Amino acid sequence: MADTPATAFDWLGGEVRVRELVDRFYDLMDLEPAYARLRAAHGASLESARDKLFWFLCGWLGGPDHYVSRFGHPRLRARHLPFRIGIVERDEWLACMAQAMQETGVDPALQARLAESFAGTADWMRNVGG
């Protein structure tokens, strides 16, 4: 059995693969009616969101801290307070990311680890009851 890479960033395959994952996530948000509420929360363009999630995930996964070098501490909850995030939005985000991970060929063991981490963070981001 091969050794597990030192970081999730390495396990995923570095910046190119993080970008693929993020791009698929936002493409799905645009394409799939199941993510309509999530998509509506992002405004007319997804370009800024794509870059910010890419930069954030690189560091969060153990790679380069692109987000921190540009914006400082992520302060995720504070930065998302202007947006209504309830159970439906949380679940759409998680489902969209799960689909993106599967469609981009993320190792199933890594998918499971990331899904657990994403779920905890997404639930913590909720700012409305429903």
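Just add 11 to wherever you are in the sequence shown, counting from 1, and you've got this note's numbering. The C-beta atom is built at its ideal place from N, Cα and C for all residues, glycine as well. Keep in mind that this is a model prediction, so the values were computed, not measured.
Among the options, which residue has its Cα nearest to the Cα of residue i?
| i | options | result |
| --- | --- | --- |
| G74 | L92, R35 and L23 | L23 |
| C69 | W135, T15 and E26 | E26 |
| R81 | K63, F94 and D21 | K63 |
| E58 | D34, P44 and R90 | D34 |
Tell me whether the beta-carbon of residue i lies closer than 7 Å to the beta-carbon of residue j.
| i | j | result |
| --- | --- | --- |
| T115 | L32 | yes |
| A109 | A120 | no |
| F36 | A130 | no |
| I96 | R61 | no |
| H53 | W66 | no |
| R50 | V99 | no |
For residue i, I'd like the list of residues in its chain whose CB is within less than 7 Å of its CB, leaving aside the five on either flank, ordered along the chain.
| i | result |
| --- | --- |
| M12 | Model confidence at M12 stands at a pLDDT of 47, short of 50, so the residue's coordinates are unreliable; what they give is reported in the following sentence. Taken in chain order, the list of residues that qualify is empty. |
| R88 | W135 and M136 |
| A123 | none |
| Y46 | L39, M40, E103 and C107 |
| F94 | A52 |
Leaving out five residues on either side along the sequence, give the residues of the same chain with a beta carbon under 8 Å from the beta carbon of residue i.
| i | result |
| --- | --- |
| A17 | G73 |
| L29 | What sits at residue 29 in the sequence shown is Val, not Leu. The answer, listed in chain order, is F20, L23, F65, L68, C69, L72 and G74. |
Could you name the residues of the same chain whose beta carbon sits closer than 6 Å to that of residue i, not counting the 5 residues immediately before and after it, in chain order?
| i | result |
| --- | --- |
| A19 | L72 and G73 |
| G140 | none |
| T15 | none |
Using a Cβ distance threshold of 8 Å, determine whether the stretch 35-55 contacts the stretch 98-112, with at least three qualifying pairs required.
yes
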